[in-house]
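2 protein chains.
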Amino acid sequence: MLEWTRGQAVGEIDTPALILDIAAAERNIRAMADRLIHGSVRLRPHVKTHKCPLLAHKQMAAGAIGVTAAKLGEAEVMIRAGIPEVLVSTPIVGRTKIDRLLALSRHAIVLTVVDDVGAARAISDAATRVGQKIPVLVDVDVGQRRTGVLPGEPALALARQVATMPGLVLVGLQGYEGHLQHVQSRDEREAHWRASMEKLTDTADLIRGAGFPLDIVSTGGTGTSTFALEAPGITEIQPGSYVVMDDHYGTVQGVGFEQALFVLTTVVSRTRTTDVIVDAGMKALSSDSGPPRVRGIEGAQYVFAGDEHGRIEFADQGSNLRVGDRVLLVPSHCDTTINLHDHYHVIEDDRLVEVWPISARGRIR
Amino acid sequence: MLEWTRGQAVGEIDTPALILDIAAAERNIRAMADRLIHGSVRLRPHVKTHKCPLLAHKQMAAGAIGVTAAKLGEAEVMIRAGIPEVLVSTPIVGRTKIDRLLALSRHAIVLTVVDDVGAARAISDAATRVGQKIPVLVDVDVGQRRTGVLPGEPALALARQVATMPGLVLVGLQGYEGHLQHVQSRDEREAHWRASMEKLTDTADLIRGAGFPLDIVSTGGTGTSTFALEAPGITEIQPGSYVVMDDHYGTVQGVGFEQALFVLTTVVSRTRTTDVIVDAGMKALSSDSGPPRVRGIEGAQYVFAGDEHGRIEFADQGSNLRVGDRVLLVPSHCDTTINLHDHYHVIEDDRLVEVWPISARGRIR
Ligand SMILES: Cc1ncc(COP(=O)(O)O)c(C=O)c1O
Ligand SMILES: Cc1ncc(COP(=O)(O)O)c(C=O)c1O
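Chains as they are written, first to last, in UniProt numbering: chain E, 1 to 365; chain L, 1 to 365.
Below is the structure:
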């Protein structure tokens with residue numbers, strides 16, 4: 001249904017439209033790979049951000065060892081598009097999902113995480129019945145208070161149990177420090193990160209010491225990827241946002257990637273001197289991390305004005321924006337904004353060169 | 001890709017899942033129609049909430065005169081599904097959209113709104129070229145500070161211009177009082193509403209007095225539908241949320257519809273005594289109006305824990321929720337939550353009876 005023409009100028013694209021500056025995204029993909037090239041930490045980028053197999057393949061081509069997915073549904077999309085190895089970073093619970101995991105595991109390497117003995121046993125039992133073995137990481141809570149067992153003894157206790165389950169293979173630990181990614185100050189972020197990582201690597205040592213080999217210690221997002229080269233004991237990181245970035249990450253010191261994602265919007269109403277109304281609201285831009293930033297208009301502020309509209313308020317009433325004009329917005333949160341759109345409008349040199357489906361959008365199961 | 005079985009118990013549906021209690025929705029559809037049955041105000045319900053042609057047809061069967069849509073994309077979905085008349089309640093700007101409007105207008109009655117002379121002229125010019133006439137309402141700002149010209153003289157001035165445009169037919173006014181829908185106190189809401197409606201109906205009188213007949217004066221949402229029967233000068237209302245409701249509307253006095261929409265989620269982690277982690281986060285529940293409400297667990301609070309997770313915190317640590325258990329959540333905002341999902345899981349007597357595509361989800365253009 002989407003109408004577009006290759007070579008259209010950005011200003012001619014129908015709006016609201018999600019815009020991907022592919023050259024910037026490719027530079028980001030390269031920059032993250034370069035960051036790791038001299039160390040032993042490998043890259044398993046999280047596709048929950050971009051949700052697009054083509055971008056995942058570009059990450060693989062740049063040296064990723066596989067990808068990370070938040071949900072089985074995302075993993076299915078990636079594997080059907082030829083990605084050979086996916087870590088599902090959230091616990092898989094319930095019979096329907098376990099059956100999907102087993103079906104998928106016949107066609108690619110699918111790793112997952114466990115933090116509960118009963119949930120682990122359910123996977124093991126189902127896998128055993130069909131003669132499969134699922135590689136799992138024990139999920140460790142390194143301070144985020146989300147999923148994961150506590151570091152140290154509780155993690156060891158779960159690892160011991162997992163090691164006895166015939167349908168599972170204990171391959172490592174996951175400890176995602178999501179609470180640290182957006183700590184603004186580089187030094188503060190690094191100090192917290194070192195403390196968190198010590199919990200994780202100490203736990204890995206404890207488990208290894210008890211006789212269970214662990215190949216993988218997986219952690220890390222875009223905000224802490226800065227430190228990944230100096231991370232003894234960490235074997236891989238799983239950053240997601242770096243490919244496209246967002247305005248929230250733009251405020252975090254020392255992250256160092258380029259903004260590649262925008263929402264293009266049109267002025268649809270101007271009845272006051274102080275503001276205009278644009279056609280992108282809460283159905284085109286996520287609001288969980290605040291409003292988007294207006295690009296290229298000094299002092300202009302975007303305010304959400306319902307599901308379909310935003311109000312752009314001017315610092316200086318002299319703005320000459322008129323009905324029909326286009327405005328580029330920088331999303332505050334990339335993952336949730338991308339999740340509202342069906343397509344990337346891929347641009348190069350300010351021209352539309354491709355439209356890509358966001359195939360894993362809405363794969364919430 | 002969605003796996004489901006007719007007759008499944010709610011507790012067996014894979015999660016997260018958007019649940020529609022169809023009996024409650026049908027009672028809401030009936031209740032709104034009953035509310036209007038003895039007056040002269042007609043019903044043109046807004047489909048931006050449910051985004052589902054089948055629900056729109058149920059509204060038509062209950063006596064609606066047509067539907068309202070926020071975007072042309074929604075109107076296209078409705079018209080292709082046989083809805084004969086759609087009001088697009090936001091200004092249509094830009095050549096691509098005008099071409100779509102003209103194409104659509106050959107197959108159904110499509111009304112739209114204008115608040116800008118240039119934008120109106122662009123539609124008129126394009127319509128004239130193909131020998132069409134588009135019915136339009138002048139959009140009036142009754143206090144929301146979104147789209148719309150000011151009431152009184154500015155509205156009259158625009159109406160005069162529109163009346164001279166050969167490709168347009170001036171048929172009425174729209175004045176949506178979105179800023180009043182959630183005023184908690186019934187009395188306060190009513191007082192503000194009377195003042196707003198006076199502006200709108202006075203403007204209609206002014207324009208009619210200047211020699212321009214106006215058939216339609218369209219306004220109203222779920223929150224102000226309480227007063228619609230006693231609304232001289234208003235010809236129709238366009239409420240949306242009432243079909244399914246949400247927790248935000250649940251706090252508004254005197255609205256009087258039933259909650260018919262839920263998000264079903266599964267406990268995927270329980271490593272602390274104080275809370276559990278469920279599998280519905282910001283990709284399954286909108287956060288613009290705050291967190292969802294936990295149904296049926298006294299004192300339990302939902303806290304967003306990222307895109308894929310929520311944390312349910314207990315007042316009383318004795319909760320016996322375990323990994324694998326299901327929890328029903330009441331979304332805080334129906335429109336934006338529905339917009340995250342591809343399907344309604346339609347339930348009756350706690351059994352899954354149908355799965356309906358949310359066909360206009362993501363139709364943001
Ligand atoms: C488990 C896990 N790993 C990695 C990431 C990627 O983090 P970022 O997008 O900040 O790079 C996320 C993001 O939420 C995550 O949940
Ligand atoms: C123009 C317009 N009319 C009607 C409605 C319906 O309002 P509600 O969902 O509160 O009933 C909306 C909702 O945003 C709207 O924008």
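A virtual CB, placed ideally from N, CA and C, is assigned to each residue, including glycine.
Asked                                                                                                                                                          : Found
Since residue 366 (chain L) is in the beta strand (DSSP E), which residue starts that stretch and which ends it?                                               : Nothing can be reported for residue 366 (chain L), as the shown portion of chain L is limited to 1 through 365.
Got a sec? Which residues, its chain only, sit under 7 Å from ASP247 (chain E) by beta carbon, not counting five neighbours each side?                         : PRO292, ARG293, VAL330, PRO331 and SER332
Of all residues in the structure, which have a C-beta closer than 5 Å to any heavy atom of ligand 2, taken in chain order?                                     : L:HIS46, L:SER89, L:TYR176, L:GLN181, L:GLY221, L:THR222, L:GLN238, L:PRO239, L:GLY240 and L:SER241
Going by DSSP, which residues form a beta bridge with LEU328 (chain E)?                                                                                        : E:LEU264
Under 6 Å Cβ to Cβ from LEU43 (chain L), same chain only, skipping five residues before and after it: list those, please.                                      : LEU36 and ALA64
With a threshold of 8 Å between beta carbons, is ILE37 (chain L) in contact with chain E?                                                                      : no
If you compare alpha carbons, which of E:GLY7, E:ILE312 and E:ILE109 is closest to GLY281 (chain E)?                                                           : E:ILE312
With distance defined between alpha-carbon atoms, name the residue in L:LEU170, L:VAL171, L:MET197 and L:ALA119 nearest to VAL142 (chain L).                   : L:MET197
Give the residues from the region 315 to 344 of chain E that approach chain L closer than 9 Å (Cβ to any Cβ), ordered along the chain.                         : ARG322, VAL323, GLY324, HIS333, ASP335, THR336, ASN339, LEU340, HIS341 and ASP342
Alpha carbon to alpha carbon, how far is GLY167 (chain E) from GLY131 (chain E)?                                                                               : 8 Å
For the beta strand (DSSP E) that GLY172 (chain L) lies in, which residues bound it at each end?                                                               : 168 to 174
To which residues of the same chain is THR201 (chain L) closer than 6 Å at the C-beta, ignoring the five residues directly before and after it?                : GLY233
Can you tell me whether DSSP reads PHE227 (chain L) as helix, strand or coil?                                                                                  : helix
Listing by chain order, which chain E residues have their CB less than 9 Å from the CB of LYS58 (chain L)?                                                     : Correct list: empty, because the minimum Cβ distance to chain E is about 22 Å.
Pull the bridge partners of HIS343 (chain L) from the DSSP assignment, please.                                                                                 : L:PRO357
Out of E:ASP325, E:ILE358 and E:ALA56, state which residue places its alpha-carbon closest to the alpha-carbon of GLU12 (chain E).                             : E:ASP325
Just to confirm the assignment: which complete alpha helix (DSSP H) runs, minimum length 4, are found wholly within the region 115 to 166 of chain E?          : 117 to 129 and 153 to 164
Report the three-state DSSP secondary structure of ARG365 (chain L) (helix, strand or coil).                                                                   : coil
Are there any heavy atoms of ligand 1 lying less than 7 Å away from the beta-carbon of ALA70 (chain E), as far as the coordinates show?                        : yes
Looking at the C-beta of MET282 (chain E), does it have a partner C-beta in chain L at a distance below 8 Å?                                                   : yes
Using a C-beta to C-beta distance shorter than 9 Å, which residues of chain E count as neighbours of PRO16 (chain L)?                                          : ILE364 and ARG365
Can you list, in chain order, the residues of its chain whose CB lies under 8 Å from that of ARG270 (chain E), leaving out five sequence neighbours each side? : VAL276, ILE277, LEU321, ARG322 and VAL323
Using 8 Å for Cβ pairs, my map puts residue 401 (chain E) next to MET78 (chain E). What's the rounded Cβ distance?                                             : The structure shown does not extend to residue 401 (chain E), since chain E is modelled only from 1 through 365, so no value can be given for it.
For HIS248 (chain E), does the three-state DSSP call read helix, strand or coil?                                                                               : helix
Residues in its own chain within less than 7 Å of GLU177 (chain E) by CB, not counting five upstream and five downstream?                                      : VAL142, GLY143, GLN144, TRP193, SER196, THR219 and THR224
Anything in the region 49 to 73 of chain E with a Cβ closer than 9 Å to a Cβ of chain L? List those residues in chain order, please.                           : ALA70, LYS71 and GLY73
Using a Cβ cut-off of 7 Å, pull out every chain L residue sitting near THR226 (chain E), in sequence order please.                                             : Residues of chain L passing the Cβ test: none, with the nearest at roughly 21 Å.
With a cut-off of 8 Å on the beta carbons, I'd call ILE123 (chain L) and GLU85 (chain L) a contact; round off their distance for me.                           : That belief does not hold up - the Cβ atoms of ILE123 (chain L) and GLU85 (chain L) are roughly 18 Å apart, past 8 Å.
By the criterion of Cβ-Cβ separation under 9 Å, what are the contact partners of PRO357 (chain L) in chain E?                                                  : Simply none; closest approach about 12 Å.
Closest Cβ-Cβ distance between SER218 (chain L) and chain E: below 8 Å?                                                                                        : no
Indicate whether at least one CB of chain L lies closer than 8 Å to the CB of GLY143 (chain E).                                                                : no
With DSSP as the reference, label GLY310 (chain E) as helix, strand or coil.                                                                                   : strand
Please confirm if PRO239 (chain L) has its CB atom under 8 Å from at least one CB of chain E.                                                                  : no
Which same chain residues, not among the five before or five after LYS39 (chain L), have their C-beta less than 6 Å away from its C-beta?                      : Checking the sequence, you will find Gly at residue 39 (chain L) rather than Lys. Answer for GLY39 (chain L): LEU229, listed in chain order.
To the nearest whole angstrom, what separates the beta carbons of ILE364 (chain E) and LYS283 (chain L), a pair I think is in contact under 8 Å?               : 5 Å
Chain L partners of THR147 (chain E), CB-CB under 8 Å?                                                                                                         : VAL268, SER269, THR271, ILE277 and HIS309
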